[in-house]
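Structure record follows, encoded as structure tokens.
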Ligand SMILES: [Fe+2]
Ligand SMILES: [Fe+2]
């Protein structure tokens, strides 16, 4: 699917008028759209429209109650797991992905839906658009938490715009790995469960890095 400027503006207007999204969340959503476009220009300039639509939709259910998330999950055939029930913040990525085809059918593109679906936990086998929305959500300019600021600096201070395509891709994987380390450390600290998807994704990235290092060292 290709989205025109007109259809992206119409979606932005719809989100900004949604009474179920708070002003603070709306500011975050707009900042994620900007960051997704900025990252998209570096990594997939031909698809910044898809990234902007995914950014605009990524948190549409963020402020729903846990009961509503659970009801939506069951309606779409998913029984919430104990990790989800103990960490209800992760529900919204799943419920937004479920609802897009029904509530926003004109934006129901598989790449948009998967980027929304995995923006909170990540998962093994992340695609480029999924990684970009995940990272844009983590480092958008409204985020002031220490880890978010640190990650934003780690990403941009390395000047990815000066890198070769291969270096830039490796840089993205390293930054995503760092974000998982921060997230997992924070969850452990807070005594909260860790999504298995985050663990699988981090292990995949760590193994890839180890194997690559071994190849370079001739092992
Ligand atoms: Fe989110
Ligand atoms: Fe978000």
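In this note's numbering, the protein residues as written are 33 to 251.
Backbone N, C-alpha and C define an ideal beta-carbon position, used for all residues, glycine too.
Quick caveat, the model's predicted, so the values are computed rather than measured.
To the nearest angstrom, how far is it from the Cα of residue i to the Cα of residue j?
i: residue 244; j: residue 144; result: 31 Å
i: residue 48; j: residue 82; result: 19 Å
i: residue 152; j: residue 39; result: 25 Å
i: residue 175; j: residue 67; result: 11 Å
i: residue 195; j: residue 214; result: 25 Å
i: residue 234; j: residue 209; result: 6 Å
i: residue 78; j: residue 167; result: 18 Å
i: residue 248; j: residue 37; result: 45 Å
i: residue 87; j: residue 172; result: 11 Å
i: residue 189; j: residue 71; result: 14 Å
Which two residues bound the contiguous alpha helix (DSSP H) that contains residue i?
i: residue 249; result: No alpha helix (DSSP H) holds residue 249; DSSP gives it neither H nor E.
i: residue 164; result: 160-171
i: residue 218; result: 197-221
i: residue 176; result: It is not in any alpha helix (DSSP H) - residue 176 carries neither H nor E in the DSSP assignment.
i: residue 132; result: 123-135
i: residue 101; result: 98-107
Assuming contact is defined by CB atoms lying nearer than 8 Å, are residue i and residue j in contact in what I supplied?
i: residue 74; j: residue 200; result: yes
i: residue 119; j: residue 228; result: no
i: residue 108; j: residue 130; result: yes
i: residue 104; j: residue 112; result: no
i: residue 205; j: residue 237; result: yes
i: residue 128; j: residue 93; result: yes
i: residue 106; j: residue 126; result: no
i: residue 139; j: residue 85; result: yes
What is the C-beta distance between residue i and residue j, in whole angstroms, given that I count them as a contact (C-beta under 8 Å)?
i: residue 162; j: residue 186; result: Not really, about 20 Å apart at Cβ, beyond 8 Å.
i: residue 179; j: residue 154; result: With 8 Å as the limit, residue 179 and residue 154 do not qualify as a contact, their Cβ atoms being about 15 Å apart.
i: residue 132; j: residue 89; result: 6 Å
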